[in-house]
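First the structure, in the form of structure tokens, and then the observations on it.
In the working numbering, the protein residues as written are 7 to 169.
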């Protein structure tokens with residue numbers, strides 16, 4: 007959406023290791039054509055606002071998006087981050103934008119609903135196990151837009167036939 011680095015940094019201020027990473031968010035989102043507010047919201051939810059163990063850097067890598075974490079092995083998220091070379095907050099943010107673009111958006115899962123439920127192939131390739139994941143994301147996205155006084159510019163709405 008082209009949100010300024012200063013506005014991004016105002017959102018990220020005080021958010022653990024995400025604080026001050028507005029330039030990385032801007033760069034990753036510009037490079038991979040991902041919405042900045044969505045990416046920040048996603049990072050907030052999956053990393054406890056930049057304060058989780060996976061966001062701390064204490065394991066030699068950063069993973070703000072829970073990528074590679076599974077209910078039966080959440081620690082694989084750090085193995086994934088190390089394998090991707092996410093050794094700094096900036097690398098993890100930009101890498102997360104790339105992952106979402108290539109792994110979901112480019113595969114037709116370009117909405118929160120489609121990422122969570124994958125209506126083209128229900129039960130397969132879903133981003134999260136939390137049934138309210140998309141709702142949590144949407145609520146945070148709305149509050150972040152309100153915080154900086156902007157509105158989202160592009161929306162896709164899935165419509166289903168009523169029976």
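We put the CB at the ideal spot given by N, CA and C, even for glycine.
Once you ignore the five residues that flank residue 86 on each side, which residues in its own chain have a CB closer than 7 Å to its CB? 69, 73, 74
Going by CA-CA distance only, name the one from 36, 66, 38, 24 that's closest to residue 173. With the chain running from 7 to 169 in the structure shown, residue 173 is simply not present.
- Query: Taking the C-alpha atoms as reference points, what is the distance between residue 56 and residue 145?
  - Reply: 18 Å
_residue 65, DSSP secondary structure in three states_ = coil
Would you check if there are 3 or more beta carbon pairs closer than 8 Å linking the segment 87–95 to the segment 106–118? no
Check: Can you tell me whether DSSP reads residue 119 as helix, strand or coil?
Finding: helix
*Can you tell me which of the three DSSP states residue 145 falls into?*
helix
Check your understanding: What's the gap between the Cα of residue 83 and the Cα of residue 10?
Key -> 30 Å
Original post:
Can you tell me where the alpha helix (DSSP H) with residue 76 in it begins and where it stops?
Top reply: Premise fails: residue 76 is in no alpha helix (DSSP H) and is neither H nor E.
If we call anything under 8 Å between Cβ atoms a contact, is residue 156 one with residue 17?
no
TODO: Return the chain-ordered ranges of every alpha helix (DSSP H) run that is complete within the segment 19–72 and spans a minimum of 4 residues.
DONE: 28–38, 42–53
Alpha-carbon to alpha-carbon, residue 117 and residue 81:
One C-alpha to the other measures close to 27 Å.
> Do you know offhand how far residue 103's Cα is from residue 14's?
Replying inline: 15 Å
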